[in-house]
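Here the structure comes first, spelled out in structure tokens, and everything after it is commentary.
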Amino acid sequence: MTSSLLPTYARADLAFERGEGAWLISTSGDRFLDFGCGIAVTGLGHAHPHLVETLVEQGQRLWHVSNLFQIPQAETLARRLVEATFADFVFFTNSGTETLEGAVKTARKYHYVSGHPEKIRIITLQGGFHGRSLAALAAGGNPKYLEGFEPRLEGFDQVPFGDLDALKAAIGPRTGAILVEPIQGEGGVRVLPQSYLVALRQLCDENGLLLIFDEVQTGVGRTGPLFAYQRAGVAPDIMMVAKGMGGGFPLGAFLVTREAGKGMTLGSHGTTYGGNPLATAVGNAVLDIVLSDGFLDRSTRMGALLKEKLGELLEKHPGVIAEVRGEGLLLGLKLHVTNTEFVAAALKQKLVIIPAADNVVRLLPPLIISEAEIADALRRLDAAAAHFKHSQKDMALRGAAG
13 MTSSLLPTYA RADLAFERGE GAWLISTSGD RFLDFGCGIA VTGLGHAHPH LVETLVEQGQ
73 RLWHVSNLFQ IPQAETLARR LVEATFADFV FFTNSGTETL EGAVKTARKY HYVSGHPEKI
133 RIITLQGGFH GRSLAALAAG GNPKYLEGFE PRLEGFDQVP FGDLDALKAA IGPRTGAILV
193 EPIQGEGGVR VLPQSYLVAL RQLCDENGLL LIFDEVQTGV GRTGPLFAYQ RAGVAPDIMM
253 VAKGMGGGFP LGAFLVTREA GKGMTLGSHG TTYGGNPLAT AVGNAVLDIV LSDGFLDRST
313 RMGALLKEKL GELLEKHPGV IAEVRGEGLL LGLKLHVTNT EFVAAALKQK LVIIPAADNV
373 VRLLPPLIIS EAEIADALRR LDAAAAHFKH SQKDMALRGA AG
């Protein structure tokens, strides 16, 4: 089929017409178990009744008014986020990339109004992914994504993942902030140890730097607690959130402390669509579920169960799976076989999973996943892995015959 869409994605020859909880139903009527969630977005699954009811009700009343007026839904959602986190203020956006732009502007303005306009540089980690705008590409520093888009935006210094000495050495008189993902998702589901995050907080405090956490993928219960920083017990000054925040509706936010946000005064930042009544009504509906009694405890148990079962899968297929990574329901399999081929093999088993860097596949089931659906997914992953075992055996036999 010819397409008028700009060909920037290698799309599978597959389309879905509806979703039910953890399941996607294709246009041909086949049912797929969704362990990708639109890259960690549909955290409450598809067509969740409370989200659908909220969307329809708000859609029939008021969609958009701009931020020139009071928006009660946004005020409520911001207050709930402040009460549940370290933050004092919230700025709503449409995407994760837009939160990166806001976080960088907030950090630079903080130092500007503090009498240090020279502190514009931000240290980031190699393998990090912070979006696709020019600033986000510069923050990530991935040569593959930057190719053809130079010159990169000035002000970002990448250091090796997890190398605290290299990070300390990179701090200079123009450094203003450190930006990290507590768990790198796109970068291969690589977890920063709690000790590393504690050291980052200490370094920032000692050097007058702001600590920025990118929780676009790890937030809203994906790793167990509401936000991954709460698992580590290390609070940032600025935090980026998106993906699971709207359950599939485009919604993001950056959260700041009163001190870090002191430069973001009248006219310093804006957005046309961010925080409109429709988006923030849905965001409130997501929090209604995620913050309900026992919800995060249950999804945390499901994450632990899935990780345990993936460990058993590794023991069964050591020639295919090299390592199980991640926390909560943000889990990854580092593979001996090519990850994109494994994704295709899983898709043949009608299981949706997501590739990542470092030859990893991500498993991102909805937070509402059941034990029976986890068992079902493991059967499909087992079949996908068996496909490679059989291929490896065939190659060995052909080699012996040759």
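Following the numbering used here, the numbering of the sequence shown begins with 13 at its first residue and continues without gaps.
We treat Cβ as the ideally placed atom computed from N, Cα and C, and that holds for glycine.
The shortest CA-to-CA distance from residue 53 to any of 266, 392, 197 and 385 is the one to 197. For residue 36, the beta-bridge partners assigned by DSSP are 31 and 44.
DSSP places residue 249 in the coil class of the three-state scheme, outside both helix and strand.
Look at the beta carbons and you see the stretch 163-178 not touching the stretch 245-259: under three pairs across the two are nearer than 8 angstroms.
Cβ-Cβ distances below 8 angstroms link residue 364 to 36, 44, 45, 46, 47, 48 and 358 in the same chain, with the five nearest sequence neighbours on each side left out; the list follows chain order.
Counting C-beta pairs with one atom in each stretch, the stretch 54-74 and the stretch 295-305 have three or more that are closer than 8 angstroms, which means they touch. In the DSSP assignment, residue 380 falls outside any alpha helix (DSSP H) and carries neither an H nor an E. Excluding residues up to 5 positions away in sequence, 102, 103, 105, 111, 114, 115, 118, 250, 251, 252 and 253 lie with their Cβ nearer than 8 angstroms to the Cβ of residue 266 in the same chain.
Here the alpha carbons of residue 81 and residue 229 stand approximately 30 angstroms from one another. Counting every other CB atom within 10 Å of its CB across the protein chains shown gives residue 19 a total below 16, marking it as exposed. Ranked by how close their Cα comes to the Cα of residue 75, the residues 380, 290, 395 and 379 have 290 in first place. Going by DSSP, residue 169 is part of the beta strand (DSSP E) stretching over 168-171. Taking a C-beta distance under 9 angstroms as the contact criterion, residue 159 and residue 193 do not qualify as a contact pair.
Collapsing the DSSP output to three states places residue 132 in coil. DSSP links residue 346 through a beta bridge to 335 and 372.
The beta-carbon distance between residue 235 and residue 140, rounded to whole angstroms, is 16 angstroms. This is too long to meet the 8 angstroms contact definition. Residue environment for residue 155: exposed (fewer than 16 other C-beta atoms within 10 angstroms of its C-beta).
For the options 152, 264, 322 and 371, the alpha carbon positioned closest to that of residue 392 is the one of 322. If you draw a straight line from the Cα of residue 203 to the Cα of residue 241, it is about 12 angstroms long. DSSP, read as helix, strand or coil, puts residue 301 in helix. Burial check for residue 26: the Cβ neighbour count within 10 Å stays below 16, so the residue is exposed. The stretch 211-295 is shown to contain whole beta strand (DSSP E) runs of 3 or more residues at 222-227, 250-253 and 264-268, in chain order. Within the same chain, 329 and 332 come within 6 angstroms of residue 397 by CB-CB distance, once the 5 residues on both sides are set aside.
The beta carbon of residue 176 sits closer than 7 angstroms to those of 208 and 211, all from its chain and outside the five residues before and after it, given in chain order. When 239, 223 and 335 are compared, the shortest CA-CA separation from residue 97 is found for 239.
Counting only runs of at least 3 residues, the stretch 171-214 fully encloses the following beta strand (DSSP E) elements, listed from N- to C-terminal order: 187-192. The C-alpha of residue 14 is placed about 35 angstroms away from the C-alpha of residue 343. The three-state reading of DSSP puts residue 307 in helix, counting H, G and I together.
Rounded to the nearest angstrom, the gap between the Cα atoms of residue 371 and residue 347 is 6 angstroms. Cβ neighbours of residue 399 within its own chain (closer than 6 angstroms, five residues either side excluded): 357. Inside the stretch 77-161, DSSP marks whole beta strand (DSSP E) runs of 3 or more residues at positions 101-105 and 133-137, from first to last along the chain.
Going by DSSP, residue 53 is part of no alpha helix (DSSP H) at all; its letter is neither H nor E.
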